[in-house]
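**Q** My questions all concern the structure below.
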Amino acid sequence: MNGARVEFRGLRRTFGATVALDGLDLTVEPGTLIALLGPSGCGKTTALRCVAGFEHPDAGAVLLDGKDITRVPANRRDAGMVFQSYSLFPNLNVYDNVAFGLRVRKVPAAKRRARAAELLELVGLPAHGERYPHQLSGGQQQRVALARALALEPRVLLLDEPLSALDAKVRVALREEIRRLQLSLGITTIFVTHDQEEALSVADQVAVLRSGRLEQVGAPAEVYDRPATPFVAEFVGTMNRLPGRLDGQEVEVAGQRLPVHGETPGTPEVDVLVRPETVLVTAAYDGEAVVLTSSFRGASVRLLLRTDDGTELLADLPAHDAARLAPGQRAGFRLVQRPVLVGPRTTVSPPATATAAAD
Amino acid sequence: MAPLTPAVPAAAVPAAAPPAGRQGRARRVRVWRGVVLAAAALYFLTPLITSFVFTVNDPVRGFTLDAYLEIFSAEGFVQSLLLSLGLAAATIVVVLLLTLPAMLAVRLSAPRLRPVLEVICTLPLVVPPITFVAGISTVLRWGPDHLAATPFYQTIIAVQNPAFPAVLVIAYVVLALPFVYRSLDAGLGAIDVRTLVEAARNCGASWPHVLLRVIIPNLRAGLASASFLTLALVLGEYTVARLLGYQPFPVWIVTISGSNAAMSVAVSIFSLLFAWLLLLVLSTAGTRKRSGS
Ligand SMILES: Nc1ncnc2c1ncn2[C@@H]1O[C@H](COP(=O)(O)OP(=O)(O)O)[C@@H](O)[C@H]1O
Ligand SMILES: [Mg+2]
Numbered sequence: 215m216n217g218a219r220v221e222f223r224g225l226r227r228t229f230g231a232t233v234a235l236d237g238l239d240l241t242v243e244p245g246t247l248i249a250l251l252g253p254s255g256c257g258k259t260t261a262l263r264c265v266a267g268f269e270h271p272d273a274g275a276v277l278l279d280g281k282d283i284t285r286v287p288a289n290r291r292d293a294g295m296v297f298q299s300y301s302l303f304p305n306l307n308v309y310d311n312v313a314f315g316l317r318v319r320k321v322p323a324a325k326r327r328a329r330a331a332e333l334l335e336l337v338g339l340p341a342h343g344e345r346y347p348h349q350l351s352g353g354q355q356q357r358v359a360l361a362r363a364l365a366l367e368p369r370v371l372l373l374d375e376p377l378s379a380l381d382a383k384v385r386v387a388l389r390e391e392i393r394r395l396q397l398s399l400g401i402t403t404i405f406v407t408h409d410q411e412e413a414l415s416v417a418d419q420v421a422v423l424r425s426g427r428l429e430q431v432g433a434p435a436e437v438y439d440r441p442a443t444p445f446v447a448e449f450v451g452t453m454n455r456l457p458g459r460l461d462g463q464e465v466e467v468a469g470q471r472l473p474v475h476g477e478t479p480g481t482p483e484v485d486v487l488v489r490p491e492t493v494l495v496t497a498a499y500d501g502e503a504v505v506l507t508s509s510f511r512g513a514s515v516r517l518l519l520r521t522d523d524g525t526e527l528l529a530d531l532p533a534h535d536a537a538r539l540a541p542g543q544r545a546g547f548r549l550v551q552r553p554v555l556v557g558p559r560t561t562v563s564p565p566a567t568a569t570a571a572a573d
Numbered sequence: 003m004a005p006l007t008p009a010v011p012a013a014a015v016p017a018a019a020p021p022a023g024r025q026g027r028a029r030r031v032r033v034w035r036g037v038v039l040a041a042a043a044l045y046f047l048t049p050l051i052t053s054f055v056f057t058v059n060d061p062v063r064g065f066t067l068d069a070y071l072e073i074f075s076a077e078g079f080v081q082s083l084l085l086s087l088g089l090a091a092a093t094i095v096v097v098l099l100l101t102l103p104a105m106l107a108v109r110l111s112a113p114r115l116r117p118v119l120e121v122i123c124t125l126p127l128v129v130p131p132i133t134f135v136a137g138i139s140t141v142l143r144w145g146p147d148h149l150a151a152t153p154f155y156q157t158i159i160a161v162q163n164p165a166f167p168a169v170l171v172i173a174y175v176v177l178a179l180p181f182v183y184r185s186l187d188a189g190l191g192a193i194d195v196r197t198l199v200e201a202a203r204n205c206g207a208s209w210p211h212v213l214l215r216v217i218i219p220n221l222r223a224g225l226a227s228a229s230f231l232t233l234a235l236v237l238g239e240y241t242v243a244r245l246l247g248y249q250p251f252p253v254w255i256v257t258i259s260g261s262n263a264a265m266s267v268a269v270s271i272f273s274l275l276f277a278w279l280l281l282l283v284l285s286t287a288g289t290r291k292r293s294g295s
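Keeping their order, the protein sequence lines are chains A and B.
At position 179 of the first sequence (counting the first as 1) the number is 393 in our numbering, and the numbers step up by one without a gap.
At position 198 of the second sequence (counting the first as 1) the number is 200 in our numbering, and the numbers step up by one without a gap.
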């Protein structure tokens, strides 16, 4: 089974006044796993459905290995899909669900069964063939759906938030398994998710979408470390917004001068985007900030600080360093010396909103 | 209509009983369930039993089943019964073929038209049968003689063929629409139609395949109840058939009942039991597959 190259070319799709896709351009290299990441309603599902053939773009084209498939009906496309909601046929048992596509293609019964057994083995459910969907847990149902999507040996695998209905533990285990499967089959995979951690942990490439447009595409580390825009910076991971002042290619923020990376707005008054892990906190009686809250996260602790001029910011530090930084204590902080993104000054926005968007 | 009405609620009573909760409550629920069941049974069985006693109890000869035996030899019995069954079968097929694809199309590609379809399908409930018949007979009288050679005229003649009056099927399809719509709508609401259809399309299934292998098997209960209600409607419909001058089973019962009192009651009981049996067969056919899985 070999992966195909998938290209989105200027895809546009509107629903009445809503613009779901606004000129999406994206190329997925053969055999890679790309995560389409973005807030709810940014057009991820619509983009995926254009590849599957359930949605027809108003303009633009979808190409599979260079061939325009925009007008090919859904049942003749070479793409297997796993849906967000449970989608197994309730009247069929697991074997028959997996073999559904083979049956449509009139594959002989013995061969169908062998292939279904092989696929169930692959997704880790070798003994569940005789069960019915309602006798399976959510995670098992999505595994079967994955086996069904792979049954026809498609050259593209489409996953529309396949893990969003599952609980945290199963979600992590299953995403690792999907990645392992994808690597061993070498199938081009488009994985839609609104969970940045999920995207960063399994994908070769992460494509961040915003309002139907591509905001940035790159390897996970690149998107995280060198976000192209403030939107990406705040959506992928958590960001602090600190007031700063532009001065040439540098910005003055919290008493430090940091190099600026990326575009700068026209005004000198800007917001500087700083990751919580690049805020170095030390307990100090004469520090310029006070600890407001402290939340323990196992290996690390996240502190919410308020500086004397009223700015609030988040800081992550190793749990063993945080013992003396209980709420109410004073602390000093410093920013790691590395390039930062700046955005136009917004009204003082508490970091809490950034956290909510990222979690 | 009269002999059929009790069949549906009586069958539904046990299923409607609430599930038991904790110990003490469970007991109370059981007692009340018994009371409700007994009251309903009394209400439905008293007229049935008295009717039955009346038919088998001859003032002169005592117990006799003559009234029942007479039914089978009475003129027109087999003919009218077969006519009614044929009409019911044709109506079920036509009404399902009309509504199911329409409802699927609306659900999948034009959800905003759903209220429109709903209103159209419910409309027959508010049109009195008399008005309905008056309309039909007016239309049937349209064909003036100089049109005699045209296909239109011949169609009008053909649908009135007394051996199998297709015009009744047309009328019954309209009358059954509200019930069929409700049943199918509930059935479609219970499954995620869009996702199932898309999953099947994604597996390479053509539209007919999707309909036959995915929608219909998962809509079994809804289809059974739609057929069930249509059957009950056709076996009990009197007004339209009588006023258009045909003689399906319900009309035949009324015709025959004038001549012999015991027999007319016997016919009613017979038709009730017969309809019950048919409905039972239909409803088990609809549910067997699900509980078996
Ligand atoms: N069938 C539809 N009818 C109307 N609006 C739709 C339809 N599908 C999607 N939309 C709208 O298009 C936008 C993008 O939707 P979607 O692609 O599902 O977003 P995502 O998957 O990123 O959450 C949303 O605003 C949504 O409301
Ligand atoms: Mg979505």
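The beta carbon of each residue, even a glycine, is placed where N, CA and C say it ideally should be.
For Thr232 of chain A, would you say it is in contact with chain B, using Cβ-to-Cβ distances shorter than 9 Å as the test?
**A** Stepping through the first sequence from its first residue, residue 232 of chain A is reached at position 18. Not one chain B Cβ lies under 9 Å of Thr232 of chain A.
**Q** When burial is assigned at 16 or more other CB atoms within 10 Å of the CB, is Ser509 of chain A buried or exposed?
**A** Counting from one through the first sequence, the residue named residue 509 of chain A turns up at place 295. Ser509 of chain A is exposed by the Cβ-count criterion.
**Q** Mapping DSSP to helix, strand and coil, what is Val80 of chain B?
**A** As a position in the second sequence, residue 80 of chain B is number 78, starting the count at 1. Under the three-state reduction of DSSP, Val80 of chain B is assigned to helix.
**Q** Answer with yes or no whether the minimum CB distance from Asp573 of chain A to chain B is below 9 Å.
**A** As a position in the first sequence, residue 573 of chain A is number 359, starting the count at 1. Because Asp573 of chain A sits at a pLDDT of 42, beneath the cut-off of 50, its placement in the model cannot be relied upon, and the point is left open.
**Q** Whole angstroms are fine: how far does the CA of His475 of chain A sit from the CA of Arg327 of chain A?
**A** Indexing the first sequence from 1 puts residue 327 of chain A at position 113. Indexing the first sequence from 1 puts residue 475 of chain A at position 261. One alpha carbon belongs to Arg327 of chain A, the other to His475 of chain A, and they sit about 57 Å apart.
**Q** Taking all protein chains shown into account, do 16 or more other C-beta atoms lie within 10 angstroms of the C-beta of Asn216 of chain A, making it buried, or fewer, making it exposed?
**A** Position 2 of the first sequence holds residue 216 of chain A. Exposure of Asn216 of chain A is indicated by the presence of fewer than 16 other C-beta atoms within 10 angstroms of its C-beta.
**Q** Nearer than 8 Å: is that true of the beta carbon of Ala261 of chain A relative to any heavy atom of ligand 1?
**A** The sequence position of residue 261 of chain A within the first sequence is 47, counting from 1. Checking every heavy atom of ligand 1 against the Cβ of Ala261 of chain A, one is found closer than 8 Å.
**Q** How far does the alpha helix (DSSP H) with Asn305 of chain A in it extend, from its first residue to its last?
**A** As a working note, residue 305 of chain A is residue 91 in the first sequence. Per DSSP, Asn305 of chain A is not a residue of any alpha helix (DSSP H), being assigned neither H nor E.
**Q** Hey, does Ala18 of chain B have any beta-carbon neighbour from chain A nearer than 9 Å?
**A** As a first step, residue 18 of chain B must be located in the second sequence, where it is residue number 16. With a pLDDT of 43 at Ala18 of chain B, under the threshold of 50, the predicted position of this residue should be treated as unreliable, and no value is reported.
**Q** Hey, Ala249 of chain A and Leu225 of chain A are a contact pair by Cβ (cut 8 Å); roughly how many whole angstroms apart?
**A** Taking the first sequence and counting its residues from 1, one reaches residue 249 of chain A at position 35. Taking the first sequence and counting its residues from 1, one reaches residue 225 of chain A at position 11. Contact doesn't hold; Cβ gap of about 18 Å is too wide.
**Q** Of all the residues that make up the stretch 202-233 of chain B, which are near chain A by a beta-carbon distance shorter than 9 Å?
**A** Ala202, Arg203, Asn204, Cys205, Gly206, Ala207, Ser208, Trp209, His211, Val212, Arg215, Val216, Pro219, Asn220 and Arg222
**Q** Which residue's Cα is closest to the Cα of Pro434 of chain A: A:Asp461, A:Leu371, A:Val312 and A:Val450?
**A** Position 220 of the first sequence, counted from the start, is the residue given in the question as residue 434 of chain A. Minimum Cα distance to Pro434 of chain A is reached at A:Val450.
**Q** For a cutoff of 9 Å on Cβ pairs, would you count Asn289 of chain A as touching chain B?
**A** Start at 1 with the first residue of the first sequence, and residue 289 of chain A comes out as number 75. Closer than 9 Å to some Cβ of chain B, the Cβ of Asn289 of chain A qualifies, so yes.
**Q** Between the stretch 116-130 of chain B and chain A, which residues of the former have a C-beta closer than 9 Å to a C-beta of the latter?
**A** Per Cβ criterion, the list is empty.
**Q** Would you report the Cα separation of Leu240 of chain A and Ala228 of chain B, rounded to the nearest angstrom?
**A** As a first step, residue 240 of chain A is located in the first sequence; it is residue number 26 there, counting from the start. As a first step, residue 228 of chain B is located in the second sequence; it is residue number 226 there, counting from the start. Whole-angstrom Cα-Cα distance: 49 Å.
**Q** Could you give the first and the last residue of the continuous beta strand (DSSP E) run that contains Phe229 of chain A?
**A** Along the first sequence, one-based indexing puts residue 229 of chain A at 15. Val220 to Phe229 is the extent of the beta strand (DSSP E) around Phe229 of chain A.
**Q** What would DSSP say about Arg520 of chain A, mapped onto helix, strand or coil?
**A** To locate residue 520 of chain A, count along the first sequence from 1; it is residue 306. In the structure shown, the three-state DSSP call for Arg520 of chain A is strand.
**Q** Hey, is Asp374 of chain A close to ligand 4, as in C-beta under 8 Å from one of its heavy atoms?
**A** Ligands present in the displayed structure are limited to ligand 1 and ligand 2, and ligand 4 is not among them.
**Q** Examine chain B for any beta-carbon lying closer than 9 Å to the beta-carbon of Ala379 of chain A, and answer yes or no.
**A** Mapped onto the first sequence, residue 379 of chain A falls at position 165. Chain B contact via Cβ: absent.
**Q** Cβ atoms of Val446 of chain A and Glu429 of chain A: under 9 Å apart, would you say?
**A** Here the question's residue 429 of chain A lines up with position 215 in the first sequence. Here the question's residue 446 of chain A lines up with position 232 in the first sequence. Closer than 9 Å, so yes.
**Q** Suppose you measure from the CA of Ala268 of chain B to the CA of Ser139 of chain B; what does that come to, to the nearest Å?
**A** The count along the second sequence starts at 1 and reaches residue 268 of chain B at position 266. The count along the second sequence starts at 1 and reaches residue 139 of chain B at position 137. If I take the Cα positions, the gap works out to 33 Å.
**Q** Assuming Asn454 of chain A is part of the beta strand (DSSP E), what are its boundary residues?
**A** Position 240 of the first sequence, counting from 1, holds the residue named residue 454 of chain A. Run containing Asn454 of chain A: Asn454 to Asp461, per the beta strand (DSSP E) assignment.
**Q** Can you give me the start and stop residues for the alpha helix (DSSP H) that Asp535 of chain A sits inside?
**A** Within the first sequence, numbered from 1, the residue matching residue 535 of chain A stands at position 321. For Asp535 of chain A, there is no enclosing alpha helix (DSSP H), as DSSP gives it neither H nor E.
**Q** Going by beta carbon distance, what residues of the same chain come within less than 6 Å of Val486 of chain A, once the five residues before and after it are set aside?
**A** Indexing the first sequence from 1 puts residue 486 of chain A at position 272. Counting only Cβ-Cβ distances below 6 Å, and skipping sequence neighbours, we find Leu456, Gly458, Val465, Val467, Val554 and Val556.
**Q** Quick one: which chain A residues come within Cβ less than 7 Å of Val197 of chain B?
**A** Numbered from its first residue, the second sequence carries residue 197 of chain B at position 195. At residue 197 of chain B the sequence reads Thr, which differs from the Val that was named. Correct list: Phe297, Ser299 and Ser301.
**Q** How about Pro166 of chain A: is its C-beta nearer than 9 Å to some C-beta of chain B?
**A** Because chain A in this structure spans residues 215 to 573, residue 166 of chain A falls outside the shown range and cannot be described.
**Q** Looking at Arg511 of chain A: is its Cβ nearer than 9 Å to the Cβ of Ala537 of chain A?
**A** Indexing the first sequence from 1 puts residue 511 of chain A at position 297. Indexing the first sequence from 1 puts residue 537 of chain A at position 323. Cβ atoms of Arg511 of chain A and Ala537 of chain A: not closer than 9 Å.
**Q** Quick one: measure Cβ to Cβ for Gly315 of chain A and Leu366 of chain A, integer angstroms, because I've assumed they're closer than 8 Å.
**A** For this step, residue 315 of chain A is matched to residue 101 along the first sequence. For this step, residue 366 of chain A is matched to residue 152 along the first sequence. Contact holds; Cβ gap of about 5 Å.
**Q** Is the closest heavy atom of ligand 2 to the C-beta of Val406 of chain A under 8 Å?
**A** As a working mapping, residue 406 of chain A is identified with position 192 in the first sequence. Of the heavy atoms belonging to ligand 2, at least one sits nearer than 8 Å to the Cβ of Val406 of chain A.
**Q** How do the stretch 224-239 of chain B and the stretch 297-315 of chain A stand: do at least 3 beta-carbon pairs fall below 8 Å, yes or no?
**A** When C-beta atoms of the stretch 224-239 of chain B are compared with those of the stretch 297-315 of chain A, fewer than three pairs fall below 8 Å, so the two segments do not count as touching.
**Q** By the DSSP assignment, the alpha helix (DSSP H) with Phe449 of chain A in it spans what residues?
**A** If you number the first sequence from 1, residue 449 of chain A lands on position 235. Unbroken alpha helix (DSSP H) run through Phe449 of chain A: Pro444 to Phe449.
**Q** In angstroms, rounded to a whole number, what distance separates the CA positions of Leu47 of chain B and Val242 of chain B?
**A** Start at 1 with the first residue of the second sequence, and residue 47 of chain B comes out as number 45. Start at 1 with the first residue of the second sequence, and residue 242 of chain B comes out as number 240. The straight-line gap from Cα to Cα measures roughly 29 Å.
**Q** Compare the C-beta of Glu200 of chain B against all C-beta atoms of chain A and say whether one is closer than 9 Å.
**A** In the second sequence, counting from the first residue as 1, residue 200 of chain B sits at position 198. Cβ-Cβ to chain A under 9 Å: yes for Glu200 of chain B.
**Q** With burial defined as no fewer than 16 other Cβ atoms inside 10 Å of the residue's Cβ, what is the status of Gln410 of chain A: buried or exposed?
**A** Position 196 of the first sequence, counted from the first residue, corresponds to residue 410 of chain A. Gln410 of chain A is buried by the Cβ-count criterion.
**Q** Quick one, which of A:Gly245, A:Arg559 and A:Arg263 has its alpha-carbon nearest Arg196 of chain B's?
**A** Taking the second sequence and counting its residues from 1, the one referred to as residue 196 of chain B is at position 194. Answer by Cα proximity: A:Arg263.
**Q** Going along chain B, which residues have a C-beta under 8 Å from Leu366 of chain A?
**A** As a working mapping, residue 366 of chain A is identified with position 152 in the first sequence. By Cβ distance, chain B contributes Cys205 and Gly206.
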